[in-house]
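**Q** Count along the sequence shown from 1, then add 49; that gives the number in our numbering.
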Amino acid sequence: MLDLHTLPCRIILIMALTCSLLFACKKSDPPVKSAVKTIESFYLKASDNPGVLLQDISGDIHNDSIYLLVPINTVLTRLVPSITFKGKSIAPGNQVQQDFSKPVKYMVTAEDGTTATYTAIVTYLSTAKRITSFLFKAADNTGLSKDVPGIIGEDTIVVFIPSAQDITHLKATITYEGKSITPPAGQPLDFTSPVAYIVQAEDGTTKKYTVIAGKNLGVFFGSSDGYLYAINGVTGNLYWKYNLGSQVTGITVSNSVVYAGNANGTLYAFDMLTGAVKWTFQKTLGTFTIPTLHDNKLYVGYATSGVVQTHSLLALDAVNGGLIWEQHIAYNNYPSTLFNPTFVDGVIYINSWSSGLFVFDAVSGALKWSYRAGLSASSPAMADGVVYIGTEVTVLTALDAATGSVKWSFSNNEANSNGSATVAGDAVYIGANTYMYAINKADGTLKWKYQARGGEYGIGDNTHSTRGHFSASVVSHGILYAGNDDNLTYAIDAGTGVLKASYPYPNILEIKNTSPAPVVANGMVYTNREDNKLYVFDAANLSLKWTFAANGLVNTNACVVDTDGNIYYTGDSGDQQ
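#1: Which stretch, first to last residue, makes up the beta strand (DSSP E) that contains S194?
#2: Would A521 and T471 be called neighbours here (beta carbons separated by less than 9 Å)?
#3: Let me check understanding here. Comparing Cα to Cα, which of S182, L219, I200 lies closest to L193?
#4: Answer with buried or exposed for H526, where buried requires no fewer than 16 other C-beta atoms within 10 angstroms of its C-beta.
#5: For a test of the three-state rule: what should DSSP assign to A654, helix, strand or coil?
#6: Per DSSP, which residues does V609 bridge with? Please list them.
#7: Could you tell me the alpha carbon to alpha carbon distance between C608 and A177, rounded to whole angstroms?
#8: Please state the DSSP three-state secondary structure of D189.
#9: For N577, report the span of its beta strand (DSSP E) as first-last.
#10: At which residues does the beta strand (DSSP E) containing S419 begin and terminate?
#11: Quick one: what does DSSP say E251 is sitting in, helix, strand or coil?
#12: Give me, in chain order, the residues of the same chain whose beta-carbon lies closer than 8 Å to that of P243; leave out the 5 immediate sequence neighbours on both sides.
#13: Under 8 Å Cβ to Cβ from E160, same chain only, skipping five residues before and after it: list those, please.
#14: For the beta strand (DSSP E) that contains G430, what are its first and last residues?
#15: Under DSSP, the beta strand (DSSP E) around G532 begins and ends at which residues?
#16: Kindly confirm or deny that the segment 114-126 and the segment 190-207 touch, where touching means at least three C-beta pairs closer than 8 Å.
#17: Closest to I438 by C-alpha separation, out of V207, V396, F388, would be which residue?
#18: Starting from the C-beta of G517, find all residues in its chain whose C-beta is less than 6 Å away, skip the five residues before and the five after it, and write them out in chain order.
#19: List the whole-angstrom C-beta distance separating G601 from D274, where the pair is believed to meet the contact cut-off of C-beta under 8 Å.
#20: Give the secondary structure of V442 by DSSP, where H, G and I count as helix, E and B as strand, and everything else as coil.
#21: I'd like to know if the segment 336-348 and the segment 358-374 are in contact, where contact means that at least 3 CB-CB pairs between them fall below 8 Å.
#22: Which same chain residues, not among the five before or five after K228, have their C-beta less than 7 Å away from its C-beta?
#23: Can you tell me whether M485 is helix, strand or coil according to DSSP?
#24: Any idea if P99 is buried or exposed, counting beta-carbon neighbours within 10 angstroms, 16 or more meaning buried?
#25: Could you tell me how far apart the beta carbons of T338 and V326 are, in whole angstroms, since I believe they sit closer than 8 Å?
#26: Where does W402 sit, in a helix, a strand or coil, going by DSSP?
#27: From the DSSP output, in three-state form, read off A470 for me.
#28: For the pair the segment 204-213 and the segment 148-167, tell me if three or more CB-CB distances fall below 8 Å.
#29: Who pairs with L342 in a beta bridge, going by DSSP?
#30: Using DSSP with H/G/I as helix, E/B as strand and the rest coil, what is K228?
#31: Between T336 and A312, is the Cβ-Cβ spacing less than 9 Å?
#32: Thinking P390 and I378 are a contact (beta carbons under 8 Å), I'd like their distance in whole angstroms, please.
#33: Residues in the same chain with beta-carbon distance under 7 Å from T181, minus the five sequence neighbours each way, listed in chain order, please.
#34: For K256 and P232, I'd like the C-alpha separation in whole angstroms.
#35: Cutting at 6 Å between CB atoms, please list the residues of its own chain near G614, excluding the five before and the five after it.
#36: What distance in whole Å lies between the Cβ atoms of L591 and Y552, which are believed to be in contact at a cut-off of 8 Å?
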């Protein structure tokens, strides 16, 4: 009999069993397949590519591109890659040799069948390693009023710095091609000495650039081969040269014009930058002194050659070379030399070895006065209304510049082989015989004297001749610089007479009996030994910086122009006095 009380429970049980059977019989869903399809790393390993690679190369993966840089000359046609990827498969396969001389496409297939394509691009490491610009910016360097660019050569960069600029703490702005540069751009450095920069290329190779920061724009000098040379005052590189046809004589520079004469009686004016001839002035066979220029007038001494000589002082128009006036200098028929004129306050002073000192009005050429006290191989020096001249009778004589009256004389009681005087501070400096003398400017008393090494040298016709004669001197920053025919250039403390440094020249047996005068400009000393070289020294210690070789004997004065247009002369130039 059906129990109505238990019926609902039975119905519920039957329904539960039915549902269980239904769910138990239903088929389960398949697992979801991964869509991941990426290349995680891409290498060209040395171990997989023996004889081709020396080190592992890692690929740089960007989106769907893979970039690999290999050394230059690597054979690209048979490289084996090592690939790590996520996905079901990759084609071409891992560690399968490929020709990478062109891009290679790799397809990664995910487990769900989708794909992603990567392009592997192999290129050579760049060999580029060059500086493309070098600049000292005014904004980065105290004291500079404008940016100063460098002149970039093959492996040298020259930067012409204003003459007053401190170069011990300069920051450079540099652009370059390559992987890196050392020292880094913008690092403050001391450019007192040349600074080396190393640029490294992607392939690991390097290139060295030497940066030279200097203040001397140009040096001008002549030689016995007839050429006038214009060279870079910092590096010694040739700007230009011009053949004057015979030995070059005195040189000066003013207003971007170079003036130089030759032994055939021709005076030239050149454009300083290009070497183009602006004008010439012709006399008969003879030589010119170092000219001096004032108020667009060029004053220069001239002496004919031969036993019978003519001496004169010329005033020329500096713009066109036209003759303004010529005054003949009394001549006593004794073989003589005319020395370099000096201009002071509208008056020209010029000395003849055998005839004495002559003083002319610069405007009219009229003779004002003259003085003779023995033979004198000296260009006149001027300071504070006094003219100083060396003679063989006295080492040095001081004359009133207006009247020619003697103010004082200094003598060492010997016959003197003297040179030109230089005035600096309260002293007058002059070489006589084997001594350099410092004499009080006010009263002619001796401050100090320094004797050169000197000695006897059996050279040519001068066997057993005594050397030690000083050239005209230049004083710079308290140091006196002078040449000497004992084969040395000297640096002497101008205040005390103590030797600071000297430089001995090589090949003494080839040196003639001369005492070339130096030029000092912005920490550099320029001089010659009447061999075929111009020598350039560090003024601090007379260490040799470089030389320039001419085709003939370098036997004229040098003249230096710096970046601000300042001009520097030898001690026997009228403009240095």
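Ideal Cβ positions, reconstructed from N, Cα and C, are used throughout, including at glycine.
**A** With the structure as the only source:
#1: On the sequence shown, residue 194 is found 145 positions in, with the first residue counted as 1. Unbroken run through S194: none, as it is neither H nor E.
#2: Here the question's residue 521 lines up with position 472 in the sequence shown. Here the question's residue 471 lines up with position 422 in the sequence shown. Closer than 9 Å, so yes.
#3: To locate residue 193, count along the sequence shown from 1; it is residue 144. The option with the nearest alpha carbon to L193 is L219.
#4: Here residue 526 refers to the residue found at position 477 when the sequence shown is read from its first residue. Flag for H526 reads exposed.
#5: The shown model of the chain, from 50 to 626, leaves out residue 654, and the question about it has no answer.
#6: In the sequence shown, counting from the first residue as 1, residue 609 sits at position 560. Looking at the DSSP assignment, V609 forms a beta bridge with V268, Y617.
#7: Translated into the one-based positions of the sequence shown, residue 608 becomes position 559. Translated into the one-based positions of the sequence shown, residue 177 becomes position 128. Linking C608 to A177 through their CA atoms gives a straight-line distance of about 41 Å.
#8: Locating residue 189 in the sequence shown gives position 140, where the first residue counts as 1. Residue state, collapsed to three classes: helix.
#9: Taking the first residue of the sequence shown as position 1, residue 577 is located at position 528. Per DSSP, N577 belongs to the beta strand (DSSP E) from 573-577.
#10: Position 370 of the sequence shown, counting from 1, holds the residue named residue 419. Per DSSP, S419 is one residue of the beta strand (DSSP E) stretching across 416-420.
#11: Indexing the sequence shown from 1 puts residue 251 at position 202. It is coil, neither helix nor strand.
#12: Along the sequence shown, one-based indexing puts residue 243 at 194. Cβ neighbours of P243 beyond the five flanking positions: T259, V260, I261.
#13: The residue you call residue 160 lines up with position 111 of the sequence shown. The answer, listed in chain order, is K82, S83, A84, V85, G136, K137.
#14: Working through the sequence shown from its first residue, we reach residue 430 at position 381. For the sequence presented, residue 430 should be read as Ala rather than Gly. Counting along the chain, the beta strand (DSSP E) containing A430 begins and ends at 430-432.
#15: As a position in the sequence shown, residue 532 is number 483, starting the count at 1. It spans 528-533 - the beta strand (DSSP E) in which G532 sits, taken as one unbroken run.
#16: For the pair of segments examined, the segment 114-126 was found not to touch the segment 190-207: the number of CB pairs separated by less than 8 Å stays below three.
#17: Here the question's residue 438 lines up with position 389 in the sequence shown. Looking at the Cα atoms, F388 is the closest of the given residues.
#18: Translated into positions along the sequence shown, residue 517 becomes position 468. Within the same chain, G517 has close Cβ partners T483, A501, G503, D535.
#19: One-based indexing of the sequence shown puts residue 601 at position 552. One-based indexing of the sequence shown puts residue 274 at position 225. Rounded, the Cβ-Cβ distance is 3 Å, consistent with contact.
#20: Sequence index remark: in the sequence shown, residue 442 carries index 393 (1-based). Residue state, collapsed to three classes: coil.
#21: yes
#22: Stepping through the sequence shown from its first residue, residue 228 is reached at position 179. Cβ-Cβ distances below 7 Å link K228 to Q249, A250, E251 in the same chain, with the five nearest sequence neighbours on each side left out; the list follows chain order.
#23: Numbered from its first residue, the sequence shown carries residue 485 at position 436. In this structure, M485 counts as strand in the three-state DSSP scheme.
#24: If you number the sequence shown from 1, residue 99 lands on position 50. It is exposed - the Cβ of P99 has fewer than 16 other Cβ atoms within 10 Å.
#25: Taking the first residue of the sequence shown as position 1, residue 338 is located at position 289. Taking the first residue of the sequence shown as position 1, residue 326 is located at position 277. In fact, because the Cβ distance is near 21 Å, the residues do not count as touching under 8 Å.
#26: Indexing the sequence shown from 1 puts residue 402 at position 353. Reduced to three states, the DSSP call for W402 is coil.
#27: Along the sequence shown, read from residue 1 onward, the residue named residue 470 stands at position 421. A470 falls in the coil class under three-state DSSP.
#28: no
#29: Sequence index remark: in the sequence shown, residue 342 carries index 293 (1-based). Paired residues: L347.
#30: As a working note, residue 228 is residue 179 in the sequence shown. Residue state, collapsed to three classes: coil.
#31: Sequence index remark: in the sequence shown, residue 336 carries index 287 (1-based). Sequence index remark: in the sequence shown, residue 312 carries index 263 (1-based). Their beta carbons are under 9 Å apart, which means T336 touches A312 by this criterion.
#32: Taking the sequence shown and counting its residues from 1, the one referred to as residue 390 is at position 341. Taking the sequence shown and counting its residues from 1, the one referred to as residue 378 is at position 329. The C-beta distance from P390 to I378 rounds to 11 Å, too long to fall under 8 Å, and the pair is not in contact.
#33: Position 132 of the sequence shown holds residue 181. The residues are T224, Y225, E226.
#34: Here residue 256 is taken as the residue at index 207 of the sequence shown, counted from 1. Here residue 232 is taken as the residue at index 183 of the sequence shown, counted from 1. One C-alpha to the other measures close to 13 Å.
#35: Working through the sequence shown from its first residue, we reach residue 614 at position 565. So the list is empty, once near-sequence residues are dropped.
#36: Translated into positions along the sequence shown, residue 552 becomes position 503. Translated into positions along the sequence shown, residue 591 becomes position 542. The beta carbons of Y552 and L591 sit about 4 Å from each other, so the pair counts as a contact at 8 Å.
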